[in-house]
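Take the sequence shown: its position 104, counting from 1, is numbered 105 in our numbering, and each next residue is one higher. Glycine included, every Cβ here is placed at the ideal spot set by N, Cα and C. A short write-up of the structure that comes next.
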Amino acid sequence: IANFNSVQALPQKFLLQTTANIPFTEATAIAEKMFLNKEFDFREGKSKIKITGIKVYGENQRIMIEAQTEGTVDGTSFISGIPIYDELKRKIVLSDTKFKLKTKNILQKTATLLFQGKIVKMIEEEYGIPTAELESSSKKSIEETFNKEYFKGLKMQGKVFKLKPSQVILNQNGITAVIDTDAQLKLLVQGM
Numbered sequence: 002i003a004n005f006n007s008v009q010a011l012p013q014k015f016l017l018q019t020t021a022n023i024p025f026t027e028a029t030a031i032a033e034k035m036f037l038n039k040e041f042d043f044r045e046g047k048s049k050i051k052i053t054g055i056k057v058y059g060e061n062q063r064i065m066i067e068a069q070t071e072g073t074v075d076g077t078s079f080i081s082g083i084p085i086y087d088e089l090k091r092k093i094v095l096s097d098t099k100f101k102l103k104t105k106n107i108l109q110k111t112a113t114l115l116f117q118g119k120i121v122k123m124i125e126e127e128y129g130i131p132t133a134e135l136e137s138s139s140k141k142s143i144e145e146t147f148n149k150e151y152f153k154g155l156k157m158q159g160k161v162f163k164l165k166p167s168q169v170i171l172n173q174n175g176i177t178a179v180i181d182t183d184a185q186l187k188l189l190v191q192g193m
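Written out as structure tokens, the structure is:
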């Protein structure tokens, strides 16, 4: 027999966890809007690179940003980081960012040290997957589900107080945000 505890009154608020999926194709589109065909200078403007291609994918629980560059540094840069939710920016951003460059030109490897700091800082500060719209649409969807009459005389009434991504998980197709929702729900029975 299962353990069963009787309670006189249920708490008004509860925690609901839902998920939202962001495919890597969408994460790539965000990166393309921000960086594709943009030129960046470093070494006080003496050196320039242009991002000619960019792709976002997951590998070993890290988000990988693969950027093709031309200019002072010709090659493919791999920037990886652990995805986390930044509550102030309301974005999924990268932490513990690492950089690697594949180039055939040995001389470019010294320029890379200067370029590396600039691009890693730029990716950490600028790249992120905005969650504000995701949070708003989730709240609206949950409240619509909460506030319905399912059968004549049987109605639910509820409200979402707070909604925030608490965990970011990578899978083979994209990024899954686990969203914690503080909510209240009442079941109203009338005329039965």
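Inter-residue Cα distance where the pair is residue i and residue j
i, j, result
"residue 72", "residue 165", "41 angstroms"
"residue 21", "residue 100", "28 angstroms"
"residue 151", "residue 139", "20 angstroms"
"residue 189", "residue 154", "8 angstroms"
"residue 87", "residue 117", "23 angstroms"
"residue 62", "residue 175", "11 angstroms"
"residue 95", "residue 64", "8 angstroms"
"residue 182", "residue 45", "47 angstroms"
"residue 159", "residue 18", "15 angstroms"
"residue 127", "residue 187", "42 angstroms"
"residue 47", "residue 90", "32 angstroms"
"residue 102", "residue 146", "49 angstroms"
"residue 141", "residue 104", "48 angstroms"
"residue 148", "residue 15", "16 angstroms"
"residue 7", "residue 85", "39 angstroms"
"residue 27", "residue 172", "14 angstroms"
Beta-carbon gap between residue i and residue j smaller than 9 angstroms
i, j, result
"residue 185", "residue 162", "yes"
"residue 83", "residue 97", "yes"
"residue 92", "residue 129", "yes"
"residue 68", "residue 120", "yes"
"residue 41", "residue 123", "yes"
Reduced DSSP secondary structure (H/G/I, E/B, other) of residue i
i, result
"residue 139", "helix"
"residue 122", "helix"
"residue 47", "coil"
"residue 1", "This structure gives no information on residue 1, because the portion of the chain shown stretches from 2 to 193."
"residue 117", "helix"
"residue 156", "strand"
"residue 53", "strand"
8 angstroms CB neighbourhood of residue i in its chain, flanking five on each side removed
i, result
"residue 70", "50, 51, 52, 53, 76, 77 and 78"
Other residues of its chain near residue i: CB distance less than 7 angstroms, five sequence neighbours each side excluded
i, result
"residue 24", "174 and 175"
"residue 56", "29 and 67"
"residue 31", "130"
Nonlocal neighbours in the same chain, by C-beta distance under 6 angstroms from residue i, ignoring five residues either side
i, result
"residue 167", "179 and 181"
"residue 170", "177"
**Study point:** Inter-stretch contact (C-beta, 8 angstroms, three-pair minimum) for the region 4–12 and the region 33–46
**Key:** Segments in contact, no.
Exercise for review: Inspect the CB distances between the region 134–150 and the region 45–62 and report whether three or more fall short of 8 angstroms.
Suggested key: Touching, no.
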